[in-house]
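Colleague: Per the UniProt record's numbering, the sequence shown runs over residues 1 to 199. For every residue, glycine included, the Cβ atom is placed at its ideal position computed from N, Cα and C. Remember, predicted model here, so these are calculated numbers, not experimental data. Got a structure here, written out as structure tokens. Questions coming.
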Amino acid sequence: MQHKLFNDYEQLMLPQELMDYTPGFISRTESDILLNHLLETVPWQQSKVMMYEKEVLTPRLSAWFGDRRIRSEDKRTPLPWTPELLSLKAKIEAHTGMVFNGVLLNYYRDGNDSVAWHADKDTIPGLKTEIASVSLGQERNFDFRNKDNHRQCYSIKLEHGSLLLMKGDLQKYWEHRIAKSATPMKGRINLTFRKVINQ
Numbered sequence: 001m002q003h004k005l006f007n008d009y010e011q012l013m014l015p016q017e018l019m020d021y022t023p024g025f026i027s028r029t030e031s032d033i034l035l036n037h038l039l040e041t042v043p044w045q046q047s048k049v050m051m052y053e054k055e056v057l058t059p060r061l062s063a064w065f066g067d068r069r070i071r072s073e074d075k076r077t078p079l080p081w082t083p084e085l086l087s088l089k090a091k092i093e094a095h096t097g098m099v100f101n102g103v104l105l106n107y108y109r110d111g112n113d114s115v116a117w118h119a120d121k122d123t124i125p126g127l128k129t130e131i132a133s134v135s136l137g138q139e140r141n142f143d144f145r146n147k148d149n150h151r152q153c154y155s156i157k158l159e160h161g162s163l164l165l166m167k168g169d170l171q172k173y174w175e176h177r178i179a180k181s182a183t184p185m186k187g188r189i190n191l192t193f194r195k196v197i198n199q
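Structure below.
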């Protein structure tokens, strides 16, 4: 059972050391322009993952831009930063006071595209993982739950042009997903800016 993420005063109920949500971080006009630009120019790929000892295609498209590989075992060569992504990175870094060296783009083409429950593990184990997530296009529900108590489950609707900052120990104790939707959905791009430290 999912609970409201905000109280009646529209304040985030999770501790601020774990998560910040900023609607309208990018203006609607800028968000529209960036969404269309990314749809037309990014060399989207559909990755393969092992599931139940079988190789399957991920139900979304993705691309990785940055200074190094997202994971040491990842064979994909990072795509070079574009002026648009560098500009957005600078805006996020100025807003958060954090520094990022890569961004993972996920393209959810419709309501059938999704990402299963998971926690991000892109830094060296034991270090805090801070991720700045920008949403463009179709609003989708972002669900997250406590790893040890799945009844502690929340959902937030990620709006066009919004910024969700996941920080502290959120990845250590919580996991998140974008579920499939039976309701018809248009395309959505999610950009997750990360600080990757490969061993």
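Are the beta-carbon atoms of R28 and G161 separated by less than 8 angstroms?
Modeller: Contact flag set, yes.
Colleague: Ordered along the chain, which non-local residues of its own chain (more than five positions away) have a Cβ less than 8 angstroms from that of K89?
Modeller: Hits under 8 angstroms: W81, F100, V103 and F193.
Colleague: Alpha helix (DSSP H) containing residue 255: first to last residue?
Modeller: The chain is shown from 1 up to 199; residue 255 falls before or after that span and cannot be answered.
Colleague: Could you check how far apart the C-beta atoms of N190 and N106 are, in whole angstroms? I think they sit under 8 angstroms.
Modeller: About 5 angstroms separates the two Cβ atoms, so the contact holds.
Colleague: Is it buried or exposed, A94, if we count other Cβ atoms within 10 angstroms and call 16 or more buried?
Modeller: Exposed, since its Cβ has fewer than 16 Cβ neighbours within 10 Å.
Colleague: For E55, does the count of other Cβ atoms within 10 angstroms reach 16, so buried, or fall short, so exposed?
Modeller: Exposed is the call here.
Colleague: Measuring only the C-alpha atoms, how far is M185 from D110?
Modeller: Looking at the two C-alpha atoms, the distance is approximately 5 angstroms.
Colleague: In terms of DSSP beta bridges, what is H176 paired with?
Modeller: Looking at the DSSP assignment, H176 forms a beta bridge with H118 and F144.
Colleague: Measuring only the C-alpha atoms, how far is N149 from M166?
Modeller: Roughly 19 angstroms separates the two Cα atoms.
Colleague: Out of R60, L136, Q46 and D67, state which residue places its alpha-carbon closest to the alpha-carbon of K195.
Modeller: Comparing Cα-Cα distances from K195 to each of R60, L136, Q46 and D67, the minimum goes to D67.
Colleague: Verify whether the separation of the beta carbon atoms of L158 and E139 is less than 8 angstroms.
Modeller: Their beta carbons are under 8 angstroms apart, which means L158 touches E139 by this criterion.
Colleague: Is the beta carbon of F142 closer than 8 angstroms to that of L164?
Modeller: Closer than 8 angstroms, so yes.
Colleague: Starting from N36, trace the alpha helix (DSSP H) in both directions and tell me its first and last residue.
Modeller: That run of the alpha helix (DSSP H) goes R28 to T41.
Colleague: Could you tell me which residues DSSP puts in a beta bridge with V134?
Modeller: In the DSSP output, where bridge partners are listed per residue, V134 has L163 and L191.
Colleague: With DSSP as the reference, please indicate the residues paired to F65 in a beta bridge.
Modeller: Answer by DSSP bridge pairing, in chain order: L79 and V103.
Colleague: Cα separation between I156 and V42?
Modeller: One C-alpha to the other measures close to 27 angstroms.
Colleague: Within this structure, are the beta carbons of S114 and P59 separated by less than 8 angstroms?
Modeller: Yes.
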